[in-house]
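Peer 1:
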Amino acid sequence: MEGYTRDASIFKELLQNADDAGATEVRFVKDFRNHSTEKLLNENWKEMFGPALCIYNDASFTPRDMKGIQDLGEGSKEGDALKTGK
Numbered sequence: 001m002e003g004y005t006r007d008a009s010i011f012k013e014l015l016q017n018a019d020d021a022g023a024t025e026v027r028f029v030k031d032f033r034n035h036s037t038e039k040l041l042n043e044n045w046k047e048m049f050g051p052a053l054c055i056y057n058d059a060s061f062t063p064r065d066m067k068g069i070q071d072l073g074e075g076s077k078e079g080d081a082l083k084t085g086k
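The sequence shown lines up with residues 1 to 86 when you count with full-length UniProt numbering.
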């Protein structure tokens, strides 16, 4: 998440990735719950147990799509006319 600014660019990127994967539906689900952090294996996980925004779609990403998501802002779609958001 550190590679994204605090604007809507992350949502745009996720929508483009869903489109590239052939998704016909994208869902955004807000979860405002706070879960117990008493039995964590690692204290670094604590922030993962608070409110969350879950975003999913009805398609599967290819290994190349996953690599592009992990390498923020590196332009992995450049040169591929079939990809959204080149």
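Every residue, glycine too, gets a C-beta built ideally from N, C-alpha and C.
Can you tell me whether F61 is helix, strand or coil according to DSSP?
Peer 2: coil
Peer 1: Could you name each continuous alpha helix (DSSP H) segment of 4 residues or more that falls completely within the region 8-36, going from the start of the chain to the end?
Peer 2: 9-20
Peer 1: Give me the Cα-Cα distance between A23 and P51, rounded to the nearest whole angstrom.
Peer 2: 26 Å
Peer 1: Looking only at DSSP bridge pairs, what is L53 linked to?
Peer 2: K30
Peer 1: Please classify D7 as buried or exposed, where buried requires at least 16 neighbouring CB atoms within 10 angstroms.
Peer 2: Classification for D7: exposed.
Peer 1: Can you grab the Cα-Cα spacing for the pair A21 / F32, in whole Å?
Peer 2: 29 Å
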